[in-house]
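Mapping of the sequence shown onto our numbering: residues 325 to 523, in sequence order.
Working notes, structure below.
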Amino acid sequence: MPLPLTARFWKRLAADQRGAYMVEFAIIAPVVITLVLGTIDLGYLSYVRATLESVTRDAARQAITRTSGCMIDRSSTIEDIVKDSMKTFIDGGTPVSVTVRSYRGGFESVGQPEPLINDVNGNGQYDEGDSYEDINGDGEWSPDQGTLGDLGGPGDVVVYTTNFQAQTLFLGLPLMFSQDIVNMRASTVVRNEPYTCDE
Ligand SMILES: [Ca+2]
Ligand SMILES: [Ca+2]
325 MPLPLTARFW KRLAADQRGA YMVEFAIIAP VVITLVLGTI DLGYLSYVRA
375 TLESVTRDAA RQAITRTSGC MIDRSSTIED IVKDSMKTFI DGGTPVSVTV
425 RSYRGGFESV GQPEPLINDV NGNGQYDEGD SYEDINGDGE WSPDQGTLGD
475 LGGPGDVVVY TTNFQAQTLF LGLPLMFSQD IVNMRASTVV RNEPYTCDE
């Protein structure tokens, strides 16, 4: 005996997978697209980071071998080199900044605190009342003995740090992590050539 129309209709509908595929696609597609775009963004940001590190190393190397040797020349040199090399990735004036810190005590003094002369309570740390060697001459005990903003003299060790804000290419990462700007930093440590500044 043939099934009534409504019963046949519901049976056919239940067997029809086409609608289900459409619904599944509508649910999964945005996730897949986000993942793909996010992966491309990550690859792009890795490339930008590698470029920033390479540019920082090159700029520092060029800065230390400048025969002019004067601080102002070398400062503008490294700033210009970094900005020029990163301009491909600069979108709407994304800032690039370069900071320098010089050390007179060689590579081993990089990032080290100013040494204590008299550690009153003997705890190995600076406390109010302890005397210290003010290596960077800023009039206070410094947890990092490097001189900020100073390109150093002949033979000094200098740390160049570049900061860059990279913009993602697509919406992948912004959708996943709610951020389309990624802060990047690259550092390199070099020793100045034994130059003389003739100005
Ligand atoms: Ca102390
Ligand atoms: Ca100091």
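Every residue gets a Cβ at the ideal spot worked out from N, C-alpha and C, and that includes glycine.
Predicted, not measured: the structure shown is a model, and the values here were computed from it.
Assuming the contact rule is C-beta atoms closer than 8 Å, residue i and residue j should be a hit. Round their C-beta distance to whole Å, please.
| i | j | result |
| --- | --- | --- |
| V424 | V513 | The Cβ separation is near 11 Å, so there is no contact. |
| G476 | S426 | 3 Å |
| T358 | G470 | At roughly 43 Å, the Cβ-Cβ gap does not stay under 8 Å, so T358 and G470 are not in contact. |
| V506 | L369 | 6 Å |
| V422 | V406 | 6 Å |
| V372 | M508 | 7 Å |
| N442 | S455 | 4 Å |
Going by C-alpha distance, which of the options is nearest residue i?
| i | options | result |
| --- | --- | --- |
| D504 | G453, D415, A374, T330 | D415 |
| T412 | Q491, G448, M500 | Q491 |
| L366 | A510, M500, E348, P518 | M500 |
| G429 | D454, T330, D480 | D480 |
| D408 | V444, D451, A383, Y371 | A383 |
| D451 | D458, A510, L440, R509 | L440 |
| P419 | I364, T486, E377, R515 | T486 |
| I459 | N447, G446, N445, D474 | D474 |
| F494 | L361, V355, I352, V356 | L361 |
| A510 | D340, E464, F488, P518 | F488 |
| E432 | A339, V356, D468 | D468 |
| P608 | K335, T330, T363, A339 | The shown model of the chain, from 325 to 523, leaves out residue 608, and the question about it has no answer. |
Using 10 angstroms around the beta-carbon of residue i, count the other beta-carbons present and answer buried if the total reaches 16, otherwise exposed.
| i | result |
| --- | --- |
| E438 | buried |
| D386 | Before going on, a small fix: residue 386 reads as Gln here, not Asp. It is exposed - the Cβ of Q386 has fewer than 16 other Cβ atoms within 10 Å. |
| G343 | exposed |
| Q449 | exposed |
| V347 | exposed |
| S466 | buried |
| G453 | exposed |
| I388 | buried |
| A350 | exposed |
| F333 | exposed |
| I352 | exposed |
| N447 | exposed |
For a test of the three-state rule: what should DSSP assign to residue i, helix, strand or coil?
| i | result |
| --- | --- |
| R428 | coil |
| S502 | coil |
| L376 | helix |
| S433 | helix |
| D451 | coil |
| T391 | Low confidence applies here, because T391 scores a pLDDT of 45, under 50, leaving its location unreliable and the question unanswered by this model. |
| T423 | strand |
| F494 | coil |
| I409 | Contrary to the premise, residue 409 reads as Ser rather than Ile in this sequence. S409: helix per DSSP, three-state reduction. |
| I351 | helix |
| V309 | Outside the displayed range of the chain (325 to 523) lies residue 309, so it cannot be described from this structure. |
| L475 | coil |
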